[in-house]
Amino acid sequence: MRYISFVLLLVLFWIALSGHFEPLLLALGAVSVLLTAFLSHRMNIIDHESYPLHLSLKFPIYYSYLFGEIIKANIDVIKRILSWEKTPISPQMIEIPRSQLTDLGAVIYANSITLTPGTVTIKLSEDSLTVHALSKEVADDLATGTMSKEITKRVFKE
Amino acid sequence: MIIDILSSILLLVGAALGIVGGIGIHRFPDFYTRLHAIGITDTLSALMILLGLALQAGWSIAAFKLAMIFVFLFFTSPTASHALAYAAQHSGLKPKLDQK
Amino acid sequence: MKPNLILHVIAKFLIPLIILFALYVQFHGDFGPGGGFQAGVIFSAAIILYSLVFGLESGEKIIPHHWLRILASLGVVIYAGVGIESLFLGGNYLDYTILGSNQIAGQHLGILLVELGVGITVAAAMLILFFAFAGRGRE
Amino acid sequence: MYIAASLAILVTMGLALARALSGPTTYDRIAAVNMHGTKTVLLIAVFAFLSGRTDVLDIALVYALINFIGVVAALKLVEHGNFHTSDNYDGDVKEGEPK
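Residue numbers (this note's numbering), protein chains in the order written: chain V, 375 to 532; chain L, 7 to 106; chain A, 3 to 141; chain Y, -15 to 83.
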């Protein structure tokens, strides 16, 4: 089942890239998709983490939220860079609970933290994340765990 | 016409944000804080430039390719930042923290 | 616990797309920038990323070393074979126009095959080079 | 407008290059090169529209991928000094193992 949807995804990717529908190119596309699927199978990299297709409809909901956060965080960091006096930063190193049960959830959480400027995930371990934050406000905001709750609510909850 | 103006604004603001990020990596005091400045150029600046171009492209293969570029940047840039920060911390590079 | 879980998940997501993209570049050489050489490099880059993230031993197992050598020579054979085929058909060396029923079809077929040869050789040679470099000093 | 955007991107690339040259740590340099690469991707994308040849976008796509692989490779080299030391310190490899 997972392989069927994976191959379908590859076919869509090929058609969208190519945009040619001559028989020769379609045949070459089929060969390419099969070769890719074979090599991926050999590498053993098709699983619920790399292509979480059962969640694919939920990602747009989460990422629309994340975009808002990214824009807010960007404006904050831009203000700090362009401020006239000495850059008003107060770097913090904080540890926050991982609070995501699955590995995939933890990766999404860590990458979301890194994507919002002002915070960078330094280390992802079994029960906590080490985060470097640009300012105390950002660090406090992160420690409330709002983002993790949003991930659980928007992606993993049934 | 409106689309042209909108895409010009997006392009120019995006490119300007890139310069802000470039200033940031020179103003911030240490490696870890510079990563935040790089974050600006990787996220909002790239998003605005690609969106501005996509408006010009309309519904075409070019727009799909721009979207793919964005998806790749969206997944690889935080991963690269994280890998950098992890490697730096692992090698013993200490961040300059605020002592208050 | 793996220390680079994020890298693992993202690499698992990216590698199939890189491989498919390499094959797309391989077969669309006559429509846009691309062709055998670039495709070979992108393809080997996917395997190199895999080796970097999951360990060199795992990477070497994907395409066994003797296969890489065979593939590297096979590409040259395809390239030269197309040239000699056109010689046999009464044209010049690598004269594509003679391969098909008409000039255009012949050119398409010839370019496709030659590019395929180049792509296979470049990908295999790149991987042989990478594994030779990366394996230095290993006990 | 494309030209103005290209120039701004070029300025950013220059700033990133200055950081890459001045360091001070190796990680600063790699991060600056990574940023330089991201900007190159955007520059190629803008150039594709400037010249009206949208098939050039393929190159931008390739550059985005190669840039990432380059950073991973450079980090691995800086961290271990070679490519064959495994990152799995506890030897816990399950997924990703070839069959």
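For every residue, glycine included, the Cβ atom is placed at its ideal position computed from N, Cα and C.
* How long is the line joining the alpha carbons of residue 49 of chain Y and residue 90 of chain A, rounded to whole angstroms? -> Within the fourth sequence, numbered from 1, the residue matching residue 49 of chain Y stands at position 65. Within the third sequence, numbered from 1, the residue matching residue 90 of chain A stands at position 88. Distance between the alpha carbons of residue 49 of chain Y and residue 90 of chain A: 42 angstroms.
* Name the chain V residues whose beta carbon is nearer than 8 angstroms to that of residue 26 of chain L? -> Along the second sequence, read from residue 1 onward, the residue named residue 26 of chain L stands at position 20. Simply 452, 455 and 456.
* Beta-carbon proximity check, residue 32 of chain Y vs residue 24 of chain Y, cutoff 8 angstroms -> Position 48 of the fourth sequence, counted from the first residue, corresponds to residue 32 of chain Y. Position 40 of the fourth sequence, counted from the first residue, corresponds to residue 24 of chain Y. Between residue 32 of chain Y and residue 24 of chain Y, the C-beta spacing is not below 8 angstroms.
* Asked: Is the CB of residue 58 of chain L under 8 angstroms away from at least one CB in chain V?
  -> Taking the first residue of the second sequence as position 1, residue 58 of chain L is located at position 52. Contacts with chain V at 8 angstroms (Cβ-Cβ) do not include residue 58 of chain L.
* To do: Spell out whether any CB of chain A is found under 8 angstroms from the CB atom of residue 489 of chain V.
  => The residue you call residue 489 of chain V lines up with position 115 of the first sequence. No, residue 489 of chain V does not count as interfacial toward chain A.
* To do: Name the residue from V:484, V:420, V:500 and V:472 whose alpha carbon lies nearest to the alpha carbon of residue 378 of chain V.
  => Working through the first sequence from its first residue, we reach residue 378 of chain V at position 4. When each option's Cα is compared against that of residue 378 of chain V, the closest is V:420.
* Under 9 angstroms by beta carbon: chain A residues contacting residue 530 of chain V -> For the purposes of this step, residue 530 of chain V is taken as residue 156 along the first sequence, with counting starting at 1. The contacting residues do not exist; residue 530 of chain V stays about 15 angstroms from chain A at best.
* Asked: Over what stretch of residues does the alpha helix (DSSP H) that includes residue 420 of chain V continue unbroken?
  -> Locating residue 420 of chain V in the first sequence gives position 46, where the first residue counts as 1. Where residue 420 of chain V is concerned, there is no enclosing alpha helix (DSSP H), given that its DSSP letter is neither H nor E.
* Per DSSP, residue 466 of chain V is paired with what? -> Along the first sequence, read from residue 1 onward, the residue named residue 466 of chain V stands at position 92. Looking at the DSSP output, residue 466 of chain V sits in a beta bridge with V:507.
* Asked: Taking Cβ positions only, does residue 103 of chain L come closer than 8 angstroms to chain Y?
  -> Counting from 1 along the second sequence, the entry for residue 103 of chain L is found at position 97. Chain Y contact via Cβ: absent.
* Asked: If you drop the 5 nearest sequence neighbours on each side, which residues of the same chain put their C-beta closer than 7 angstroms to that of residue 17 of chain Y?
  -> Counting from one through the fourth sequence, the residue named residue 17 of chain Y turns up at place 33. Excluding positions up to five away in sequence, the list reads 4.
* Amino acids of chain L, ordered along the chain, whose beta-carbon sits closer than 9 angstroms to that of residue 25 of chain Y -> If you number the fourth sequence from 1, residue 25 of chain Y lands on position 41. Within 9 angstroms Cβ-Cβ: 52, 75, 78 and 79.
* Asked: How many Å lie between residue 430 of chain V and residue 15 of chain Y at the Cα?
  -> Here the question's residue 430 of chain V lines up with position 56 in the first sequence. Here the question's residue 15 of chain Y lines up with position 31 in the fourth sequence. Cα to Cα, residue 430 of chain V sits roughly 31 angstroms from residue 15 of chain Y.
* To do: Compare the C-alpha of residue 543 of chain V against each of L:14, L:40, L:90 and L:16 and name the closest.
  => The structure shown does not extend to residue 543 of chain V, since chain V is modelled only from 375 to 532, so the question has no answer here.
* In angstroms with no decimal places, state the Cα-to-Cα distance between residue -10 of chain Y and residue 17 of chain L. => As a first step, residue -10 of chain Y must be located in the fourth sequence, where it is residue number 6. As a first step, residue 17 of chain L must be located in the second sequence, where it is residue number 11. Inter-residue distance for residue -10 of chain Y and residue 17 of chain L is about 10 angstroms (C-alpha atoms, whole angstroms).
* To which residues does DSSP link residue 493 of chain V through a beta bridge? -> Within the first sequence, residue 493 of chain V is the residue found at index 119, counting from 1. Beta-bridge analysis with DSSP links residue 493 of chain V to V:507.
* **Exposure of residue 83 of chain Y, with buried meaning 16 or more beta-carbon neighbours within 10 Å** => What you label residue 83 of chain Y is simply residue 99 of the fourth sequence in a count that begins at 1. With a pLDDT of 39 at residue 83 of chain Y, under the threshold of 50, the predicted position of this residue should be treated as unreliable, though the coordinate-derived value follows. It counts as exposed.
* List the residues of chain V whose Cβ lies closer than 9 angstroms to the Cβ of residue 13 of chain L, in chain order. => Within the second sequence, numbered from 1, the residue matching residue 13 of chain L stands at position 7. Taking the beta carbon of residue 13 of chain L as reference, no residue of chain V falls within 9 angstroms; the closest one sits roughly 18 angstroms away.
* CB contact below 8 angstroms: residue 20 of chain L versus chain B -> The structure shown contains no chain B; its protein chains are V, L, A and Y.
* To do: Pick out whichever of L:20, L:98, L:31 and L:61 has its Cα sitting closest to the Cα of residue -2 of chain Y.
  => One-based indexing of the fourth sequence puts residue -2 of chain Y at position 14. The shortest Cα separation from residue -2 of chain Y among L:20, L:98, L:31 and L:61 belongs to L:31.
* Considering residue 388 of chain V, what are the terminal residues of the alpha helix (DSSP H) in which it resides? -> Numbered from 1 along the first sequence, position 14 holds the residue referred to as residue 388 of chain V. Boundaries of the alpha helix (DSSP H) harbouring residue 388 of chain V: 376 to 392, taken from the DSSP string.
* Asked: Based on the DSSP output, what are the partners of residue 502 of chain V in its beta bridges?
  -> Counting from 1 along the first sequence, the entry for residue 502 of chain V is found at position 128. DSSP lists V:471 as partners of residue 502 of chain V.
* Would residue 82 of chain Y count as contacting chain A if we go by Cβ distances under 8 angstroms? -> Along the fourth sequence, one-based indexing puts residue 82 of chain Y at 98. In this predicted model, residue 82 of chain Y has a pLDDT of only 45, less than 50, meaning its place in the structure is not dependable enough to derive any value.
* Rounded distance between the beta-carbons of residue 78 of chain L and residue 45 of chain Y, thought under 8 angstroms -> Here the question's residue 45 of chain Y lines up with position 61 in the fourth sequence. Here the question's residue 78 of chain L lines up with position 72 in the second sequence. Going by Cβ atoms, the distance from residue 45 of chain Y to residue 78 of chain L rounds to 7 angstroms, so yes, they are a contact pair.
* Please determine, among Y:29, Y:-6 and Y:68, the residue with the shortest C-alpha to C-alpha distance to residue 22 of chain L. => On the second sequence, residue 22 of chain L is found 16 positions in, with the first residue counted as 1. Out of Y:29, Y:-6 and Y:68, Y:-6 has the C-alpha closest to the C-alpha of residue 22 of chain L.
* Asked: Whose C-alpha, out of L:52, L:84, L:97 and L:102, is nearest the C-alpha of residue 489 of chain V?
  -> Position 115 of the first sequence, counted from the start, is the residue given in the question as residue 489 of chain V. Comparing Cα-Cα distances from residue 489 of chain V to each of L:52, L:84, L:97 and L:102, the minimum goes to L:84.
* Asked: Can you list the residues of chain L that residue 9 of chain A reaches, using a CB-CB cut of under 7 angstroms?
  -> Looking up residue 9 of chain A in the third sequence gives position 7. In chain order: 85 and 89.
* Asked: Looking only at its own chain, which residues have a Cβ that is under 6 angstroms from the Cβ of residue 78 of chain A, when we skip the five neighbours before and after it?
  -> Against the third sequence, residue 78 of chain A aligns to sequence position 76. Answer for residue 78 of chain A: 123, listed in chain order.
* Asked: In or out: residue 403 of chain V buried (at least 16 other Cβ within 10 Å) or exposed?
  -> Against the first sequence, residue 403 of chain V aligns to sequence position 29. The Cβ neighbour count for residue 403 of chain V, taken over all protein chains shown within 10 Å, is at least 16; the residue is labelled buried.
* Can you list, in chain order, the residues of the segment 2 to 17 of chain Y whose Cβ is nearer than 8 angstroms to any Cβ on chain L? -> Within the segment 2 to 17 of chain Y, the residues whose Cβ lies closer than 8 angstroms to some Cβ of chain L are 2, 3, 9, 11, 12, 14, 15 and 16, listed in chain order.
* Along the alpha helix (DSSP H) that carries residue 67 of chain Y, what are the first and last residues, could you check? => Against the fourth sequence, residue 67 of chain Y aligns to sequence position 83. Careful: residue 67 of chain Y lies outside any alpha helix (DSSP H) and carries neither H nor E.
* To do: With residue 37 of chain A as the anchor, note down where its alpha helix (DSSP H) starts and where it stops.
  => Residue 37 of chain A sits at position 35 when you count from the first residue of the third sequence. Residue 37 of chain A -> no alpha helix (DSSP H), and no H or E assigned at all.
* **is_contact[residue 506 of chain V, chain L] using C-beta, thresh 8 angstroms** => As a position in the first sequence, residue 506 of chain V is number 132, starting the count at 1. Yes - at least one Cβ of chain L is within 8 angstroms of the one on residue 506 of chain V.
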